[in-house]
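Position 36 of the sequence shown, counted from 1, bears residue number 36 in my numbering, the numbering being contiguous throughout.
Every residue, glycine too, gets a C-beta built ideally from N, C-alpha and C.
The model shown is predicted, which means the values in this text are computed figures rather than measured ones.
Quick notes on the structure that follows.
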Amino acid sequence: MTRQMPGIGALSEWDGVVHLELFGSAAGSKFIPDSSDIDFLVELTARTRGFSRPAIN
């Protein structure tokens, strides 16, 4: 079963993002929307100095 999380896909569209992975409880059946955190592994291009865009709501 694939779960849709609004806004997650938009992260991969940021300039400099080469690879984006979701892991931890958010990637499995133990995710609780009101209390779980969301863990990401992000690979950026060498020219990317960091995130300069506001957080996604």
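S12 versus K30: straight-line alpha-carbon distance, rounded: Whole-angstrom Cα-Cα distance: 24 Å.
Same chain only: Cβ atoms within 6 Å of I38, ignoring 5 sequence neighbours per side: Excluding sequence neighbours, I38 sits near A26.
Sequence-distant residues of the same chain with beta carbon closer than 7 Å to F23, five excluded per side: Result list for F23: D39 and L41, in chain order.
Residues that V42 bridges to, as DSSP identifies them: The partner list for V42 (beta bridge, DSSP) reads L20.
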